[in-house]
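In our numbering, the protein residues as written are 1 to 257.
Below: the structure, in structure tokens.
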Amino acid sequence: MGKIRLDKFLADAGLGTRTQVKAMIRQGQIAVNGQPASRPEMKVDTDADRVTAGGEAVSRAEYVYYMFNKPAGCLCEAKNGRSRTVFDYFEESGRRRLFTVGRLDKDTEGLLLVTDDGPLGHHLTSPRRHVSKTYYAELDGPVGEEEVRLFAGGLDIGDAKPALPAVLEPLDAAQAAGARCCPADTGFHEAGARQAVLITVQEGRYHEVKRLCQAVGRTVIYLKRVSEGSLQLDDSLPPGAYRPLTAQELEDIYKDM
Numbered sequence: 001m002g003k004i005r006l007d008k009f010l011a012d013a014g015l016g017t018r019t020q021v022k023a024m025i026r027q028g029q030i031a032v033n034g035q036p037a038s039r040p041e042m043k044v045d046t047d048a049d050r051v052t053a054g055g056e057a058v059s060r061a062e063y064v065y066y067m068f069n070k071p072a073g074c075l076c077e078a079k080n081g082r083s084r085t086v087f088d089y090f091e092e093s094g095r096r097r098l099f100t101v102g103r104l105d106k107d108t109e110g111l112l113l114v115t116d117d118g119p120l121g122h123h124l125t126s127p128r129r130h131v132s133k134t135y136y137a138e139l140d141g142p143v144g145e146e147e148v149r150l151f152a153g154g155l156d157i158g159d160a161k162p163a164l165p166a167v168l169e170p171l172d173a174a175q176a177a178g179a180r181c182c183p184a185d186t187g188f189h190e191a192g193a194r195q196a197v198l199i200t201v202q203e204g205r206y207h208e209v210k211r212l213c214q215a216v217g218r219t220v221i222y223l224k225r226v227s228e229g230s231l232q233l234d235d236s237l238p239p240g241a242y243r244p245l246t247a248q249e250l251e252d253i254y255k256d257m
């Protein structure tokens, strides 16, 4: 591959974001050919230099995998210079051709897998796979046993075929506080004006969660994806932040394939 900035090399190897690996360099944790590295911008030859972190050899990963907590207001598309996109948050884009595995609406927050692993992304988004996705939502009014039953039966949301069965779980105030993963205050506690729910779907249809709720007479006011398959949104990750997947998280994704 040739020469590359040390901080980019370390980030591409999955050691952290560019900000995190710069801190590792400043703290003396990184060495190049046995000598402590002091400058994030120094160039390393990926074919000849030996880079270590805490004494362990580091190699540039073939692919990278990031968990991103998407904030409201940004788009799941390439940088366009007009609207804020997911990739405006990534320092690592550089030579990596990152993409989001699936999409979230502009106003929807939460879990996104961002990677440059094309084969994995294609497999995970195949319509033949029914990967469960769970969302925390706040609706404009109450839902009960009848709505739960309708979701479970597969609702007509205006497509050629009804939606696959979905799970609707109404939450009380205490449950909602534990499920929200620290989003901005959306007013749920205002005298019962909203109903908090968890919704789990098996498809990725356009605006599916919102259309399911519309089919039972409710409007989604706030929406956040909290899990997809085995991958759970890290509660400590604030909106707009990301981190590399752990080895266990990646292993669990491949187990599900």
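Just so you know, even glycine gets a beta-carbon here, dropped at the ideal spot from N, CA and C.
These numbers were taken from a predicted model, which means no experiment stands behind them.
For residue i, count neighbouring Cβ atoms within 10 angstroms of its own Cβ and tell me buried if that reaches 16, exposed if not.
i, result
"GLY55", "exposed"
"LEU113", "buried"
"PRO183", "Its pLDDT being 48, under 50, PRO183 is placed unreliably in this model, and the coordinates cannot settle the point."
"LYS255", "exposed"
"ASP107", "exposed"
"GLU147", "buried"
"GLU251", "exposed"
"TYR242", "buried"
"THR17", "buried"
"THR134", "buried"
"ARG218", "buried"
"ALA57", "exposed"
"LYS8", "buried"
"ALA137", "buried"
"ASP116", "buried"
"ALA37", "buried"
"PRO260", "A question about residue 260 goes unanswered here, because the residues of the chain that appear run from 1 up to 257."
"TYR89", "buried"
"GLY141", "exposed"
"GLU208", "buried"
"GLY14", "buried"
"ARG149", "exposed"
"ARG225", "buried"
"THR19", "exposed"
"TYR206", "exposed"
If I'm right that residue i touches residue j with Cβ under 8 Å, what's the distance once you round it to whole angstroms?
i, j, result
"GLY73", "ARG84", "6 Å"
"LEU139", "VAL220", "6 Å"
"LEU164", "HIS130", "7 Å"
"SER110", "ASN69", "Note that residue 110 corresponds to Gly in the displayed sequence, not to Ser. That belief holds up - the Cβ atoms of GLY110 and ASN69 are roughly 7 Å apart, short of 8 Å."
"PRO244", "PRO71", "Going by Cβ atoms, the distance from PRO244 to PRO71 rounds to 19 Å, so no, they are not a contact pair."
"LEU168", "PRO162", "At roughly 15 Å, the Cβ-Cβ gap does not stay under 8 Å, so LEU168 and PRO162 are not in contact."
"THR125", "GLY204", "7 Å"
"ILE4", "THR46", "6 Å"
"CYS76", "ARG103", "4 Å"
"VAL216", "VAL143", "7 Å"
Run through DSSP, which three-state label would residue i get?
i, result
"GLU261", "An answer regarding residue 261 cannot be provided, because it is not within the stretch 1 to 257 covered by the chain."
"ARG18", "helix"
"LYS79", "coil"
"PHE68", "strand"
"ARG97", "coil"
"ARG211", "helix"
"LYS8", "helix"
"VAL197", "strand"
"ASP88", "helix"
"ALA177", "helix"
"HIS189", "Any answer about HIS189 is weak, because its pLDDT of 44 lies below 50 and its placement is not dependable; what the coordinates show is given next. Residue state, collapsed to three classes: coil."
"ALA37", "coil"
"PRO162", "coil"
"LEU104", "coil"
"PRO119", "helix"
"ALA53", "strand"
"ILE157", "coil"
"ALA31", "strand"
"ALA13", "coil"
"PRO183", "The pLDDT assigned to PRO183 is 48, lower than 50, so where the model puts this residue is not dependable; a value taken from the coordinates is nonetheless given after this. DSSP places PRO183 in coil when its eight states are reduced to three."
"ALA137", "strand"
Contact the region 18-32 vs the region 62-79: 3+ CB pairs below 8 Å
Verdict: no, contact absent.
Return the chain-ordered ranges of every beta strand (DSSP E) run that is complete within the region 221-255 and spans a minimum of 3 residues.
The region 221-255 contains these whole beta strand (DSSP E) runs: 242-244.
Mind the definition here: the region 166-176 touches the region 192-207 only if three or more C-beta pairs lie below 8 Å; say whether that holds.
Counting Cβ pairs under 8 Å, three or more are found: they touch.
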